[in-house]
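Student: Protein chains in written order, with the numbering used here: chain A, 1 to 156; chain B, 1 to 156.
Pasting in a structure now, in structure tokens, and then I'll have a few things to ask.
2 protein chains.
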Amino acid sequence: MTEAFTARPIGVLSTPWHSLDACPRNGRQPNPLPACEAQVFPEFVAGLRDLEGFSHLILLYWLHRGPERPPELVVTPPFDGQPHGLFTTRSPRRPNPIGLSVVAFDGFAARDRLKVRYLDCLDGTPLLDIKPYLPSTDAEPQATMGWLAKHRTARR
Amino acid sequence: MTEAFTARPIGVLSTPWHSLDACPRNGRQPNPLPACEAQVFPEFVAGLRDLEGFSHLILLYWLHRGPERPPELVVTPPFDGQPHGLFTTRSPRRPNPIGLSVVAFDGFAARDRLKVRYLDCLDGTPLLDIKPYLPSTDAEPQATMGWLAKHRTARR
Numbered sequence: 001m002t003e004a005f006t007a008r009p010i011g012v013l014s015t016p017w018h019s020l021d022a023c024p025r026n027g028r029q030p031n032p033l034p035a036c037e038a039q040v041f042p043e044f045v046a047g048l049r050d051l052e053g054f055s056h057l058i059l060l061y062w063l064h065r066g067p068e069r070p071p072e073l074v075v076t077p078p079f080d081g082q083p084h085g086l087f088t089t090r091s092p093r094r095p096n097p098i099g100l101s102v103v104a105f106d107g108f109a110a111r112d113r114l115k116v117r118y119l120d121c122l123d124g125t126p127l128l129d130i131k132p133y134l135p136s137t138d139a140e141p142q143a144t145m146g147w148l149a150k151h152r153t154a155r156r
Numbered sequence: 001m002t003e004a005f006t007a008r009p010i011g012v013l014s015t016p017w018h019s020l021d022a023c024p025r026n027g028r029q030p031n032p033l034p035a036c037e038a039q040v041f042p043e044f045v046a047g048l049r050d051l052e053g054f055s056h057l058i059l060l061y062w063l064h065r066g067p068e069r070p071p072e073l074v075v076t077p078p079f080d081g082q083p084h085g086l087f088t089t090r091s092p093r094r095p096n097p098i099g100l101s102v103v104a105f106d107g108f109a110a111r112d113r114l115k116v117r118y119l120d121c122l123d124g125t126p127l128l129d130i131k132p133y134l135p136s137t138d139a140e141p142q143a144t145m146g147w148l149a150k151h152r153t154a155r156r
């Protein structure tokens, strides 16, 4: 019997994408970059105090539209054509389908709505957490990225 | 009625810390840095194929030892003394207590055990996900960090 933990949404994400096929491979690929939003439910808005000082945030969300069957542990991404371990990919089909994006934070559209860039998920995706992005612990610009290096998304 | 999602561990983290008070403020603070491990349950080991090429990983885990009561949305960190919104902090007491660490990956201690540095959580913390760290989408070395700037952890 495996332990289980219950996650509940604290808000919802707004993006331009309404089907899994329409979602970009990552949130830096679309050109031009669309404006996205993270809406926070009223009971959590007090937790946003002082957020203006942070240029980037980490959003965690539940990829709620995946298949019910267990995910494949070795996957062959269409853009690569070779099999790779699931945990070397950012595939949305994971044992725990928690999505993570480092987003640029462009301020508040309303007191409960954050303007962000670089999301790649479906419109309506449930938001689980907002964390401040801290370059002191989160930025590793020299990190090596294995088989994904040849598919690296150029920075703009 | 709020939606709910069920997360289950894919493994467990080994660290030197056995009480919440003993955990460092972040995983870059201890000096010297301790070696930590992420053990992956047998049924998920196949997903680790090709992981060797990645120097850094993102680990997500469930902070299972927090209090049962709902977290405070405005918190006063002991190292700062001023109140701040919860979502501007990396406090482990969150609506969804999902921890995130960018760790250095130092190879395999066994086929199911990853050697990592920079964890800051309790020994025995349930592991939820392993993602490859991609500097192309995850590294923002110039990000501003609001009120946390004056508490920035120096890089070593």
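Positions of the beta carbon are idealized from the N, C-alpha and C atoms, including for glycine.
Which residues in chain B have a C-beta closer than 7 Å to the C-beta of Pro55 of chain A? List them in chain order.
Tutor: Sequence inspection shows Ser at residue 55 of chain A; the Pro mentioned does not correspond to that position. Ordered by position in chain B, the residues that pass the 7 Å Cβ test against Ser55 of chain A are Ala143 and Thr144.
Student: Of all Cβ atoms in chain B, is any one closer than 8 Å to the Cβ of Pro24 of chain A?
Tutor: No, because no Cβ of chain B sits closer than 8 Å to the Cβ of Pro24 of chain A.
Student: Quick one: grab the DSSP three-state call for Gly85 of chain B.
Tutor: Residue state, collapsed to three classes: strand.
Student: Quick check on Thr6 of chain B: does DSSP put it in helix, strand or coil?
Tutor: The answer is strand: DSSP assigns Thr6 of chain B an E or B state.
Student: Interface residues of chain B around Trp62 of chain A at Cβ under 8 Å?
Tutor: By Cβ distance, chain B contributes Phe5.
Student: For a test of the three-state rule: what should DSSP assign to Asp21 of chain A, helix, strand or coil?
Tutor: Helix.
Student: Strictly under 8 Å for the Cβ-Cβ distance: is Lys131 of chain B near chain A by that measure?
Tutor: Closer than 8 Å to some Cβ of chain A, the Cβ of Lys131 of chain B qualifies, so yes.
Student: Identify every residue that forms a DSSP beta bridge with Phe54 of chain A.
Tutor: Paired residue(s): B:Met145.
Student: In three-state terms, what does DSSP make of Pro16 of chain B?
Tutor: Looking at Pro16 of chain B - three-state DSSP - the assignment turns out to be coil, as it is neither helix nor strand.
Student: Just to check my reading of the structure: Thr153 of chain B and Gln29 of chain B have Cβ atoms closer than 8 Å, yes? What is that Cβ distance to the nearest angstrom?
Tutor: Confirmed, Cβ separation roughly 6 Å.
Student: What residues in the segment 81-100 of chain A have a beta carbon less than 8 Å from any beta carbon of chain B?
Tutor: The segment 81-100 of chain A vs chain B, Cβ under 8 Å: Pro83, His84, Gly85, Leu86, Phe87, Thr88, Thr89, Arg90, Arg94, Pro95, Asn96, Ile98 and Leu100.
Student: Hey, is the segment 9-27 of chain A in contact with the segment 110-129 of chain A, meaning 3+ C-beta pairs nearer than 8 Å?
Tutor: Cβ pair count under 8 Å is three or more, so yes.
Student: For Arg25 of chain B versus Pro67 of chain B, is the C-beta spacing smaller than 8 Å?
Tutor: Not a contact, by the Cβ cut-off of 8 Å.
Student: Residues of chain B with CB under 9 Å from Phe160 of chain A, in chain order?
Tutor: The shown model of chain A, from 1 to 156, leaves out residue 160 of chain A, and the question about it has no answer.
Student: Considering only the alpha carbon of each residue, which of B:Arg49, B:Asp106, B:Trp62 and B:Ile98 lies closest to Ile58 of chain A?
Tutor: For Ile58 of chain A, the nearest C-alpha among the options comes from B:Ile98.
Student: Which of the three DSSP states is assigned to Leu73 of chain B in this structure?
Tutor: Three-state DSSP puts Leu73 of chain B in coil, outside helix and strand.
Student: Can you look up Asp106 of chain A in the DSSP assignment and give me helix, strand or coil?
Tutor: In this structure, Asp106 of chain A counts as strand in the three-state DSSP scheme.
Student: On the DSSP bridge list, what partners appear for Asp129 of chain B?
Tutor: Partner(s): B:Leu60.
Student: Quick one: is Gly27 of chain B buried, meaning 16 or more other Cβ sit within 10 Å of its Cβ, or exposed?
Tutor: Looking at its Cβ environment, which holds 16 or more other Cβ atoms inside 10 Å, Gly27 of chain B is buried.
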